[in-house]
Amino acid sequence: LIEAVGAREILDSRGNPTIEVEVLLEDGTVSRAAVPSGASTGAFEAYELRDDDPKRYGGKGVLKAVDAVMGEIADEIEGLESTEQRVIDGAMIALDGTENKSRLGANALLGVSLAVARASADSLDLPLFRYVGGPNAHTLPVPMMNIINGGAHADNGIDTQEFMILPIGAESFGQALQWGAEVYHALKSLLKANGLATGLGDEGGFAPDISSSTAALDFIVEAIGKAGFTPGTDFGLGLDAASTEFYKDGSYHFEGQQLNAQQVTAYYRDLVANYPLVTIEDPLAEDDWEGYEHLTAELGSKVQVVGDDLFVTNPVRLADGIRRGAANSLLVKVNQIGTLTETLDAVALAQRSGYTTILSHRSGETEDTTIADLAVAVDSGQIKTGAPARSERVAKYNQLLRIEEELGDAAVYAGRGAFPRFQV
Ligand code: PGA
Ligand code: ZN
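Under full-length UniProt numbering, the first residue of the sequence shown carries the number 3, and numbering increases by one thereafter.
This is the structure in C-alpha cells:
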C-alpha cells in the first residue's frame, strides 16, 4: 500500500527546474522518479505545469507541480495498492479533470506514475523491466545515438535537429554501444581536422556550424569508415527533422528554401537513395496529415517514418494516423502523455497495428533511467537517448548494459530485427 508521496524541485540537464517524486510504501520501500522536459515540444502534448513566477528560474519553477503532488494527488492515492498502476493513473487523470492534464500538470502526474511503478518493482524485488514487461521481456533495443545536434538543440546553422547512428549490425547491446562511442570519437577528430567546433548540443552530439544536412551526413559516413565500420551494413543512419520548428505560414523554411510537403518528400526521397538512412522522424509538420499520408505511401516501404510531434504518444492521435496511413512508427515519450498507463496503451496500439516503437528521452533530461527499462519491457526494439556521451544520456545506455548482463543467455539484441517492415 502507498503510505506517503513526496516531491521536490530538482535541476535537469539544461539547468532548468523539474520535478522528482518519491513514493513510500507500507513495507518501507522508498523509490523515486524524475521527469524530463522538451525544447521542440509538440502543440498537442500534455501540459507541463510551470510556476510563471519571473522571480524564480525565469518563470520555469515547478513548485506548483510539487504542491499538487504533496497535496491533492497524495490525498487521492495514499492507501491504494501500488501495483494497481491502471487504477492509480486513472484516479489521477480523473482528479485532474482536464483534457491535457493542465490543472495538476502532466509533470506532476508523470512523476507520481513512474515512482509508483518503480516502488512496486522494488517492493517485489524485481528489476523494473521485469515488473512492467513480465517473464518474456528479453530484447535489448537498438540505440539511436544522436551525434550531430542542430535545430532547437544547438546554436548552429543546421535546420535538421538530429543526426543519428544506429549500430544495426552489432551482435549485442554492449557491442552496439561500443561501436557508437568509437564513431562518436572518430567524428570529433574529423570535425577538428576540418577546423570545425566540437562543442556539444543539448543531447550530447556535436554542434558544428555546418550549412547543410547532407554535409553533416557526409561527415558521419566518413567517421563511420574512419572508425573501421561499413555504413549500411554495420550502421544505419537516422534523422529527426523536427520540422514543425521550421514550418511557417504554410511552407517549410529549410536551408534557405521555402518548400511544400511534396518538395520535402522529394528531398527525403533523394536522401534515402544516397545515404543508408533507416529512419526519419517528423519530416513534416505536426498537423500535416495529408503530407504524411503521401510521404508514407511513397517512402514508407524503404524507411521508417516516425511520428513524434505528430502523435505526441497520444493513443487518440495515433489511432487517427493508423487509419490514415500516416507514418509507420511511434516515438514514445512518457511526458508527452503524462502517465505510464497511457504510454503502455499507445505502445500496444502501435504494435498491434504494425507500427514500430521507439522509447525516447527529451532534450532536457535527468539521471533517471526509467525509459531504458521500459524499452526492454515493451520490446520496443529501439531507444533514442542521445549521444554516447554526457551522463544524463549515457545513464540510460549504462542501464541497458546492466539489463543485458542481468538477462545473460536470455538477452537478444534487436539489431536489424527492429525494422521488420523493410529491407535494411
Ligand atoms: P525535445 O526533442 O525533447 O526537445 O522535444 C526531442 C525530439 O524532438 O525527439
Ligand atoms: Zn523528435
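Glycine residues also receive a C-beta, built at the ideal position from the N, C-alpha and C atoms.
Legend entry - Burial state of Ala108 (16 or more Cβ within 10 Å): buried
Inset, instruction - Please report the Cβ distance between Leu342 and Asp91, rounded to the nearest whole angstrom; I am assuming they are in contact, meaning their Cβ atoms lie under 8 Å. - result: 6 Å
Inset, instruction - Note down, in chain order, each residue of its chain lying with its Cβ closer than 6 Å to the Cβ of Tyr277, except the 5 sequence neighbours on either side. - result: Leu219 and Leu239
Inset, instruction - Closer than 8 Å by C-beta to Leu402: which residues in its own chain qualify, once you throw out the five before and the five after it? Chain order, please. - result: Leu142, Pro143, Pro145, Phe175, Leu179, Ala374, Ala377, Val378 and Ile385
Inset, instruction - Under 7 Å Cβ to Cβ from Ala172, same chain only, skipping five residues before and after it: list those, please. - result: Ala178, Trp181, Tyr415 and Gly417
Inset, instruction - Please confirm whether any heavy atom of ligand 2 lies closer than 7 Å to the CB of Ala244. - result: yes
Legend entry - Those runs of the beta strand (DSSP E) which lie wholly inside the stretch 195-274 and span at least 3 residues: 238-242, 253-256 and 259-261
Legend entry - Residue range of the unbroken beta strand (DSSP E) whose run includes Glu283: Leu279 to Glu283
Legend entry - Simplified DSSP state of Asn337, which is helix, strand or coil: helix
Legend entry - Segment contact flag, the stretch 346-363 with the stretch 63-71, C-beta cutoff 8 Å, min 3 pairs: no
Legend entry - Minimum length 3: unbroken beta strand (DSSP E) runs contained in the stretch 338-376: 358-362
Inset, instruction - With a threshold of 7 Å, establish whether the CB of Asp284 neighbours any heavy atom of ligand 2. - result: yes
Inset, instruction - Report whether the distance from the Cβ of Leu332 to the nearest heavy atom of ligand 1 is below 7 Å. - result: no
Inset, instruction - Provide the residue(s) that pair with Leu13 in DSSP beta bridges, ordered along the chain. - result: Pro19
Legend entry - Val32 - containing alpha helix (DSSP H), residue span: No alpha helix (DSSP H) holds Val32; the beta strand (DSSP E) holding it covers Val32 to Ala36.
Inset, instruction - Identify the continuous beta strand (DSSP E) that holds Gly113 and give its terminal residues. - result: No beta strand (DSSP E) contains Gly113, which is instead part of the alpha helix (DSSP H) from Ala108 to Ser125.
Inset, instruction - Look at the alpha carbon of Asp53 and the alpha carbon of Ile21, and state the distance between them as a whole number of angstroms. - result: 12 Å
Legend entry - Exposed unless 16 or more other CB atoms sit within 10 angstroms - verdict on Gln306: buried
Legend entry - As assigned by DSSP and simplified to three states, the class of Ile79: helix
Legend entry - Asp310 beta carbon near ligand 4 (any heavy atom closer than 7 Å): Absence of ligand 4 is noted for the structure shown, with ligand 1 and ligand 2 being the only ligands found.
Inset, instruction - Assuming Gly356 contacts Ala329 (C-beta within less than 8 Å), just tell me the rounded distance between them. - result: That pair is no contact at about 12 Å.
Inset, instruction - Find the nearest neighbour of Pro38 within the set Val32, Gly30, Tyr49 and Asp29, judged by alpha-carbon distance. - result: Tyr49
Legend entry - Ser33 vs Ala121 beta-carbon contact at 8 Å: yes
Inset, instruction - Ignore the nearest five residues each way along the sequence and tell me which others in Leu193's own chain have a CB closer than 8 Å to its CB. - result: Ala199, Thr200, Phe208, Pro210 and Phe221
Inset, instruction - Tell whether a beta-carbon distance below 8 Å holds between Lys103 and Leu116. - result: no
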